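Quick notes on the structure that follows.
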Amino acid sequence: MDLSLSTETVGDRTVVRVGGEIDVYTAPKLREQLVELVNDGSYHLVVDMEGVDFLDSTGLGVLVGGLKRVRAHEGSLRLVCNQERILKIFRITGLTKVFPIHTSVEDAVQATD
Amino acid sequence: MATVELLFSALPEHVRTARLVAAAVARRAGVDEAVLDEVRLAVGEACSRAVSLHAGQGISTPVKVILTEDEKKFSIEVADDAPHPVVAVATAGSAGAAASAARSASGGAPAVAGPDEGEDDMGLAVISGLVDDVEVTAGEFGGLIRMSWPTTVPPVVS
């Protein structure tokens, strides 16, 4: 399965809905999308990963890269994920301490801390 | 003797194929269903790393994946042909890479280096975190990641 991406603006947040597999082949597509959003002035991103079937370290690297970019503009990058197999990858790499991970897009959009 | 051997051109688009093959063979070998996601992720990480090493060093030979089942365990070996200057053995000690990347991201100021530095190390960190029995070796003729999982149910016979 390939990667699917769509974006939606909710208030001052930009929600990026990701579906499919994020791996060494597809991650560049996600990287391009995040870079494009930041270049266009979207600094508060919510990445909805509920449709993601597979995530590897290449995908993690892209998300960390995205976080660096938005932080350079005082922005934020929040994740939405309820899937245990995806959350496990964030836990074993210690990235749960880096990314705010929410259970719903609504929750992530409203979060301010 | 290997149950299944897979050689693929060192291109990112073939890593998914390696994941699917490894998971299918692992299932037949009797690896617990709950662990198959880990097998899929670990072999993907190992293959991504090998592809990256080949691409980075302009190596045209394929990446080799050897899947072996025996009575009590299922083993995966992923071999690359990238020469490593120092013989390195990394087992459970690679978890610092992700934390390092994370600290860098949390630091606020943009880093001087590329945004996604340390991806390869993060791959090893993921493997180390996922797989209890893992061995990473590297020498002047290439590197090898060997992983194994117990087979808890009888192999599929049909």
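First to last, the protein sequences are chains D and U. Position in the first sequence (first residue = 1) + 5 = the numbering used here. Position in the second sequence (first residue = 1) + 629 = the numbering used here. We treat Cβ as the ideally placed atom computed from N, Cα and C, and that holds for glycine. A quick note: this is a predicted structure, and the numbers were derived from the prediction, not measured.
- Within the stretch 24 to 83 of chain D, the complete beta strand (DSSP E) runs of at least 3 residues fall at 49 to 60.
- The three-state reading of DSSP puts K701(U) in coil, since its state is none of H, G, I, E or B.
- In the DSSP assignment, A767(U) falls within the beta strand (DSSP E) that extends over 762 to 768.
- Inter-segment contact for the stretch 105 to 117 of chain D and the stretch 645 to 656 of chain U is absent: fewer than three beta-carbon pairs are separated by less than 8 Å.
- The beta carbon of A631(U) sits closer than 8 Å to those of I695, L696, T697, all from its chain and outside the five residues before and after it, given in chain order.
- Taking one beta carbon from each stretch, the stretch 78 to 86 of chain D and the stretch 37 to 54 of chain D have 3 or more pairs nearer than 8 Å; the two touch.
- In the structure shown, L100(D) adopts helical secondary structure according to DSSP, grouped into three states.
- Per the Cβ contact rule, the stretch 679 to 688 of chain U is not in contact with the stretch 663 to 671 of chain U (fewer than 3 Cβ pairs under 8 Å).
- Per DSSP, L10(D) is one residue of the beta strand (DSSP E) stretching across 8 to 15.
- Residue-level contact by beta carbon holds for V755(U) and chain D, with a gap shorter than 8 Å.
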